[in-house]
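Visitor: Here it is, the structure in full.
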Amino acid sequence: MFMSRRNFSLAAGMAAAVALTAGALIASTAQAAPDAGEPVLAPDFTGTTATGETISLSDFAGKTVILEWTNDGCPFVQKHYAVPPANMQGLQTDASESDVVWLSVISSAPGKQGHRTGAEVLDMNEGRGATPAHVILDESGDIGRLYKAKTTPHMFLITADGMIAYQGAIDDTPSARVSDIETATNYVSAAMQSVAAGEPVEMASSKPYGCSVKY
Amino acid sequence: MIRRFILPLLAALMALMPGAHAQPVDGGRAMVELIAERDRVEPGETLYAAIKMELDDGWHVYWRNAGDAGLPPEVRVLDGSDVTEAALGPFVWPIPHLLPVVDGEIMDYGYDDQLVLPFPLTIPADAMGSVQLNFLADYLICEEICIPETAEVSLTLPVGPSEPHIDHGTLIGKWIAKAPRDFEGEARIDASNSPWELSLKTEGGFDTGSDIRFYPFGHEISHPADQPLSFGRDGATLSLTPADDSLDGPLEGIIVVETADGARTGYTLTAGQGAVFEHTSGIAARAAATGADGKSLIALAIAAAIGGLILNLMPCVLPVLSIKAMGMVHAVASGHESEVRSHGLWYTGGVLLSFAALAAAIIAIRQATGTANLGFQLQNGPTVAVLTLIMFVIGLWLLGMFELGSSIQNTGSSLASRSGSMGAFFTGVLAAVVGAPCIGPFLGAALGAVLDRPALSVLIVFLAMGFGLALPYLVLSFVPGLSRLLPKPGRWMETLKQFFAFPMFLTAALLLWTLGAVSGPAAVAWTVAGGTLIAFGIWLARRGRGALTKVLAALAMIAGLVYPALTANSSTAAGEGNSQYAEKYETEAWSPERVIDLTDEGRPVFVDFTATWCATCQLNKVTTLKSNAVQEAFAAHDVAFLVADFTRKDPVIAEELKRRQRAGVPMYLWYPAGATEPQVLPEVLSQKLVIGLVTAE
Chain Y
1 MFMSRRNFSL
11 AAGMAAAVAL
21 TAGALIASTA
31 QAAPDAGEPV
41 LAPDFTGTTA
51 TGETISLSDF
61 AGKTVILEWT
71 NDGCPFVQKH
81 YAVPPANMQG
91 LQTDASESDV
101 VWLSVISSAP
111 GKQGHRTGAE
121 VLDMNEGRGA
131 TPAHVILDES
141 GDIGRLYKAK
151 TTPHMFLITA
161 DGMIAYQGAI
171 DDTPSARVSD
181 IETATNYVSA
191 AMQSVAAGEP
201 VEMASSKPYG
211 CSVKY
Chain P
216 MIRRFILPLL
226 AALMALMPGA
236 HAQPVDGGRA
246 MVELIAERDR
256 VEPGETLYAA
266 IKMELDDGWH
276 VYWRNAGDAG
286 LPPEVRVLDG
296 SDVTEAALGP
306 FVWPIPHLLP
316 VVDGEIMDYG
326 YDDQLVLPFP
336 LTIPADAMGS
346 VQLNFLADYL
356 ICEEICIPET
366 AEVSLTLPVG
376 PSEPHIDHGT
386 LIGKWIAKAP
396 RDFEGEARID
406 ASNSPWELSL
416 KTEGGFDTGS
426 DIRFYPFGHE
436 ISHPADQPLS
446 FGRDGATLSL
456 TPADDSLDGP
466 LEGIIVVETA
476 DGARTGYTLT
486 AGQGAVFEHT
496 SGIAARAAAT
506 GADGKSLIAL
516 AIAAAIGGLI
526 LNLMPCVLPV
536 LSIKAMGMVH
546 AVASGHESEV
556 RSHGLWYTGG
566 VLLSFAALAA
576 AIIAIRQATG
586 TANLGFQLQN
596 GPTVAVLTLI
606 MFVIGLWLLG
616 MFELGSSIQN
626 TGSSLASRSG
636 SMGAFFTGVL
646 AAVVGAPCIG
656 PFLGAALGAV
666 LDRPALSVLI
676 VFLAMGFGLA
686 LPYLVLSFVP
696 GLSRLLPKPG
706 RWMETLKQFF
716 AFPMFLTAAL
726 LLWTLGAVSG
736 PAAVAWTVAG
746 GTLIAFGIWL
756 ARRGRGALTK
766 VLAALAMIAG
776 LVYPALTANS
786 STAAGEGNSQ
796 YAEKYETEAW
806 SPERVIDLTD
816 EGRPVFVDFT
826 ATWCATCQLN
836 KVTTLKSNAV
846 QEAFAAHDVA
856 FLVADFTRKD
866 PVIAEELKRR
876 QRAGVPMYLW
886 YPAGATEPQV
896 LPEVLSQKLV
906 IGLVTAE
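Chains Y and P, in that order, are what the protein sequence lines are.
Per the working numbering, residue 1 is the first one in the first sequence, and the count goes up by one each step.
Per the working numbering, residue 216 is the first one in the second sequence, and the count goes up by one each step.
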């Protein structure tokens, strides 16, 4: 009654096919909910930038995109913008050098911590040496809710074919201490490298840490 | 002037005093202090220290799992300390609260106002003079915004014979006692479908009036999502919204059970994957059932009104009604129609007022006894036993074995026979008074369903019942001609009354079955015997004439009612609603003589030297000594459990501690059966250790 090797491989192949189909189904139905787990299509959005442009995620189809939820009043954000070591600025430079589009998103509601006008944002970024491709002013919180952004920072990496390859924390050391950056493993730069090399992202999802997004 | 000198002087004196001292440090939004349960410590001993935080209004810090955002507090050892990081054990995390940040989207778990975060601390074995503790409390504190704060806290503990710090020990002990205990039931998570079902099985089930929420250690579930709850006979089930598509391995966390009076108890659990346990779901919790509440209340009110209508047929009510109806026909014939109508309204008012009074009495009793719902009552052995006997006695009364309350009826009759509006009003009261004892057979179920509802619902159902009772008279007073249709009082009423005895006996049988499940077969046997004794007492009272017979009869009836209730109580595992812990915790005060007596008898003896200010003692009590497993092992092996309470200095206890070379509590002594000298157990107990000792007998 033992399965022959041939039958076994046939069964395994069928199982794999079923699993793939199921995975694709889950991915397509879960489009609006970019949760952890299986690769998920990044939902498209349209927003206004600090310079007054209107941009959509679909404008960058074919390029790797990084979404960074941010709030300059949040100590966890301040940790990663602190100079030195200018952790976030360094990642933004790496991104622009390898043709990755960096979009910072501010989902703070008017009157809440981190809410800024376009001019304020541009000033602030110049002051701290931040070089995102765009800063999206999402004061309604629609984009944040679409991506279920929970904290600042909360990072997403979207591949050229529009899949979320990474979502979660910036690194593996949840703290607001600048001194921890040196010893931390940075998930975003690891994900960027894997995607650039055409390899699967080893750590595809993590629990983001930081302040709550001030919707 | 004087104060200016005295305060610094006092401070200087305090600093010179041999004892632990520390100052609260202002971290910014919180005052932080390092405290310990000892004032003086011995080298090598392990004690509980704690970070105590007084938070500014509106600010909070986080639980071990902060939820969607935030970070738990940390403690690090700074330079200049006489201990290393290794000397610090893990935090004993108190039960957290929900901190909703964005409704339905971001949920955190943490604390506000005050947090005492205890942890074990081991004093170096080579400590001399004093032990210096310099710690850094590193915590994220949030209101609308978040601020990472640090506070350098220090404490100097003199080395010497161990000496408790009464205030700090008591405070730490109180917080440890509030920390989650191990869940003694079983937990399983069914993650095969979304939402996941967390099934909690525990002997005796949960109090269905309570609310339960699961706080995960990880992020497997959505933190802000509601957790719909349902109950069953043997437990409860929570629906959890997953955050991931699948669950690898077990789900760990705590459940927090909040009773109707706001008391919160936490239980740590690890739920392995598997199907939902039987009898842990099906009964919707109050919170989930709110939508259905209005509808079911209307149904109940209708049922109650029909029940009230049927009450009119009771032999105690119908004659009153018939006489009044006759009078009405006469009054109408002599042209007093309007008077008849107003009498009808007065009568209705009398009935309704009586029923409102009854409802108020029930609500008041419920309030006074804290028995918030019948689910609780039916898990309580004595209540079930007494209810069974009451049903039985009402049955006997319906069968005509004895007469009830004829004097009340007579007083009511004399009032009711007065003419005019007052007469009509008191007829209504009378109908309610004589009808009230008949409520049980018809409305037992409706009454039970309504007892755990808000006071207003109770009132509505009772008023509906009263309206049902008053309705025939009210209709007759407006349409007197209908009185022809009224059944004539006669022998058939007695027959009907006797017939209603049988539903009563059936109800008693059903309650007996419940009693068997709650308190075991012995309680059932005693309740049946008690019923026999009551019947005997009634029979005796009716036969006998002399005073002695009356006394004997009364004694038989009282014994028949009280003894079953006592047996139902002693054998019950479900005494206090939520039965996960042996709340009885039977103890006996310790004395050297008592130990000698017991060991002479050959009984094994366990002595707990404890004090309210001793944190370690509280921890051992919660995790080990109070647990069902240990209590059962004690009971099974006939272990005498003695408690020596050292909360107040007691020379005899102090002497015993000294004799065993212990500076203080906790101390646990174990005398195996037949032994005269005890084993001194370690300061930190575990269930395994204690049960191992007991069962090794």
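For each residue, glycine too, the CB sits at the ideal point set by N, CA and C.
Could you compute how far the alpha carbon of Ala251(P) sits from the alpha carbon of Glu399(P)?
Guide: As a working note, residue 251(P) is residue 36 in the second sequence. As a working note, residue 399(P) is residue 184 in the second sequence. Looking at the two C-alpha atoms, the distance is approximately 30 Å.
Visitor: Any Cβ of chain P within less than 8 Å of the Cβ of Gln113(Y)?
Guide: Position 113 of the first sequence, counted from the start, is the residue given in the question as residue 113(Y). Yes, Gln113(Y) counts as interfacial toward chain P.
Visitor: If you draw a straight line from the alpha carbon of Tyr778(P) to that of Arg760(P), how long is it in whole angstroms?
Guide: The count along the second sequence starts at 1 and reaches residue 778(P) at position 563. The count along the second sequence starts at 1 and reaches residue 760(P) at position 545. In a straight line, the C-alpha of Tyr778(P) is about 26 Å away from that of Arg760(P).
Visitor: Looking at C-alpha atoms only, which residue of Ala82(Y), Ser140(Y) and Leu91(Y) is the closest neighbour of Ser107(Y)?
Guide: By one-based count along the first sequence, residue 107(Y) stands at place 107. Closest option to Ser107(Y), Cα to Cα, is Ser140(Y).
Visitor: Could you tell me the alpha carbon to alpha carbon distance between Gly375(P) and Val307(P), rounded to whole angstroms?
Guide: Along the second sequence, read from residue 1 onward, the residue named residue 375(P) stands at position 160. Along the second sequence, read from residue 1 onward, the residue named residue 307(P) stands at position 92. So the two alpha carbons sit approximately 27 Å from each other.
Visitor: First and last residue of the beta strand (DSSP E) that includes Val739(P)?
Guide: For this step, residue 739(P) is matched to residue 524 along the second sequence. First-last for Val739(P): Pro736 to Arg758, but that is the alpha helix (DSSP H), not the beta strand (DSSP E).
Visitor: So the candidates are Glu300(P), Leu370(P), Asn835(P) and Thr782(P); which of them puts its Cα closest to the Cα of Ala600(P)?
Guide: On the second sequence, position 385 is the one that residue 600(P) refers to. Comparing Cα positions, the closest option is Thr782(P).
Visitor: Measuring only the C-alpha atoms, how far is Val673(P) from Ala679(P)?
Guide: Sequence index remark: in the second sequence, residue 673(P) carries index 458 (1-based). Sequence index remark: in the second sequence, residue 679(P) carries index 464 (1-based). Approximately 10 Å, taken between the alpha carbons.
Visitor: Between Glu68(Y) and Pro153(Y), how many whole angstroms is the CB-CB distance? I'm expecting something under 8 Å.
Guide: Residue numbering aside, residue 68(Y) sits at position 68 when the first sequence is read from its first letter. Residue numbering aside, residue 153(Y) sits at position 153 when the first sequence is read from its first letter. Going by Cβ atoms, the distance from Glu68(Y) to Pro153(Y) rounds to 6 Å, so yes, they are a contact pair.
Visitor: I want to see whether chain Y comes within less than 8 Å of Asp283(P), judged by CB atoms only; does it?
Guide: As a position in the second sequence, residue 283(P) is number 68, starting the count at 1. Taking Cβ atoms only, chain Y reaches closer than 8 Å to Asp283(P), which makes this a yes.
Visitor: Can you list, in chain order, the stretches of the beta strand (DSSP E) that have 3 or more residues and sit fully within the region 318-345 of chain P?
Guide: Counting whole runs of 3 or more residues, the region 318-345 of chain P contains the beta strand (DSSP E) stretches 321-327 and 329-337.
Visitor: Just how far apart, CA to CA, sit Gln193(Y) and Ser206(Y)?
Guide: Position 193 of the first sequence, counted from the start, is the residue given in the question as residue 193(Y). Position 206 of the first sequence, counted from the start, is the residue given in the question as residue 206(Y). Cα to Cα, Gln193(Y) sits roughly 17 Å from Ser206(Y).
Visitor: Enumerate, from N- to C-terminal direction, the unbroken beta strand (DSSP E) stretches of 3 or more residues contained entirely within the region 353-433 of chain P.
Guide: You should have 361-373, 401-405, 411-416 and 426-431.
Visitor: Which residues of chain P have a Cβ atom closer than 7 Å to the Cβ of Gly210(Y), listed in chain order?
Guide: For the purposes of this step, residue 210(Y) is taken as residue 210 along the first sequence, with counting starting at 1. Result: Ala284.
Visitor: Exposed or buried, which one is Lys416(P) when buried takes at least 16 other CB atoms within 10 Å?
Guide: Residue mapping note: residue 416(P) aligns to position 201 of the second sequence, counting from 1. Buried, by the Cβ-count rule.
Visitor: Output, in chain order, the set of chain Y residues within a Cβ distance shorter than 9 Å of Pro363(P).
Guide: The residue given as residue 363(P) occupies position 148 in the second sequence. Here the neighbours are Pro75, Phe76, Lys79, Ser175, Ala176 and Arg177.
Visitor: If I'm right that Thr49(Y) touches Val105(Y) with Cβ under 8 Å, what's the distance once you round it to whole angstroms?
Guide: Numbered from 1 along the first sequence, position 49 holds the residue referred to as residue 49(Y). Numbered from 1 along the first sequence, position 105 holds the residue referred to as residue 105(Y). That pair is no contact at about 10 Å.
Visitor: Can you give me, in chain order, the residues of the region 283-306 of chain P that have a beta carbon less than 8 Å from any beta carbon in chain Y?
Guide: Cβ contacts with chain Y come from Asp283, Ala284, Gly285 and Leu286.
Visitor: Taking the C-alpha atoms as reference points, what is the distance between Tyr430(P) and Thr485(P)?
Guide: Taking the second sequence and counting its residues from 1, one reaches residue 430(P) at position 215. Taking the second sequence and counting its residues from 1, one reaches residue 485(P) at position 270. Taking the straight line joining both Cα atoms gives about 12 Å.
Visitor: Leaving out five residues before and five after Phe849(P) in sequence, what residues of the same chain have Cβ atoms less than 8 Å from its Cβ?
Guide: Sequence index remark: in the second sequence, residue 849(P) carries index 634 (1-based). Phe821, Phe856 and Val909.
Visitor: Is the Cβ-Cβ distance between Leu884(P) and Pro897(P) less than 8 Å?
Guide: Translated into the one-based positions of the second sequence, residue 884(P) becomes position 669. Translated into the one-based positions of the second sequence, residue 897(P) becomes position 682. No.
Visitor: Just to make sure I have the definition right: I need the residues of chain P whose C-beta is within less than 8 Å of the C-beta of Arg145(Y). Which are they?
Guide: The residue given as residue 145(Y) occupies position 145 in the first sequence. Those are Glu320, listed as they occur along chain P.
Visitor: Please tell me whether Val867(P) and Thr825(P) are closer than 8 Å, where the distance is taken between their beta carbons.
Guide: In the second sequence, the residue the question calls residue 867(P) occupies position 652. In the second sequence, the residue the question calls residue 825(P) occupies position 610. No.
Visitor: Using a 10 Å radius around the Cβ and a threshold of 16 neighbouring Cβ atoms, would you call Arg875(P) buried or exposed?
Guide: Counted from its first residue, the second sequence places residue 875(P) at position 660. Exposed: under 16 other Cβ atoms inside 10 Å.
Visitor: Do Gly282(P) and Tyr324(P) have their beta-carbon atoms positioned less than 8 Å apart in this structure?
Guide: Residue mapping note: residue 324(P) aligns to position 109 of the second sequence, counting from 1. Residue mapping note: residue 282(P) aligns to position 67 of the second sequence, counting from 1. Contact: yes.
Visitor: Who are the Cβ neighbours of Gly506(P) in its own chain at under 7 Å, not counting the five residues just before and after it?
Guide: As a position in the second sequence, residue 506(P) is number 291, starting the count at 1. Unreliable positioning characterises Gly506(P) in this predicted model, as indicated by a pLDDT of 37, which lies under 50. The coordinate reading is nonetheless provided below. Here the set comprises nothing.
Visitor: Pull the bridge partners of His134(Y) from the DSSP assignment, please.
Guide: Along the first sequence, read from residue 1 onward, the residue named residue 134(Y) stands at position 134. Beta-bridge pairing links His134(Y) to Leu103(Y).
Visitor: Which of helix, strand or coil does DSSP assign to Ala576(P)?
Guide: In the second sequence, residue 576(P) corresponds to position 361, counting from 1. The answer is helix: DSSP assigns Ala576(P) an H, G or I state.
Visitor: Please report the straight-line C-alpha distance between Ala95(Y) and Thr365(P), rounded to a whole angstrom.
Guide: Along the first sequence, one-based indexing puts residue 95(Y) at 95. Along the second sequence, one-based indexing puts residue 365(P) at 150. Distance between the alpha carbons of Ala95(Y) and Thr365(P): 34 Å.
Visitor: Could you check the C-alpha separation between Ile310(P) and Leu900(P) for me, to the nearest Å?
Guide: Taking the first residue of the second sequence as 1, we reach residue 310(P) at position 95. Taking the first residue of the second sequence as 1, we reach residue 900(P) at position 685. Distance between the alpha carbons of Ile310(P) and Leu900(P): 22 Å.
Visitor: Based on Cα-Cα distance, which residue from Gly522(P), Arg809(P) and Arg758(P) lies nearest to Gly683(P)?
Guide: Working through the second sequence from its first residue, we reach residue 683(P) at position 468. The residue with the shortest Cα to Cα distance from Gly683(P) is Gly522(P).
Visitor: Would Val135(Y) be called buried (16 or more neighbouring beta carbons within 10 Å of its own) or exposed?
Guide: By 1-based counting over the first sequence, the position of residue 135(Y) is 135. Classification of Val135(Y): buried, given that the 10 Å Cβ count is 16 or more.
Visitor: Taking Cβ-Cβ distances shorter than 8 Å, what residues in chain P pair up with Thr151(Y)?
Guide: Taking the first residue of the first sequence as position 1, residue 151(Y) is located at position 151. Per Cβ cutoff of 8 Å: Asp283 and Ala284.
Visitor: Ala360(P) CB to nearest chain Y CB: under 8 Å?
Guide: Translated into the one-based positions of the second sequence, residue 360(P) becomes position 145. In the sequence on display, residue 360(P) carries Ile and not Ala. Yes, its Cβ sits closer than 8 Å to a Cβ of chain Y.
Visitor: Could you tell me whether the Cβ atoms of Ser445(P) and Thr452(P) are closer together than 8 Å?
Guide: Translated into positions along the second sequence, residue 445(P) becomes position 230. Translated into positions along the second sequence, residue 452(P) becomes position 237. A contact, by the Cβ cut-off of 8 Å.
Visitor: By the DSSP assignment, the alpha helix (DSSP H) with Lys267(P) in it spans what residues?
Guide: If you number the second sequence from 1, residue 267(P) lands on position 52. Not the alpha helix (DSSP H): Lys267(P) falls in the beta strand (DSSP E), residues Thr261 to Leu270.
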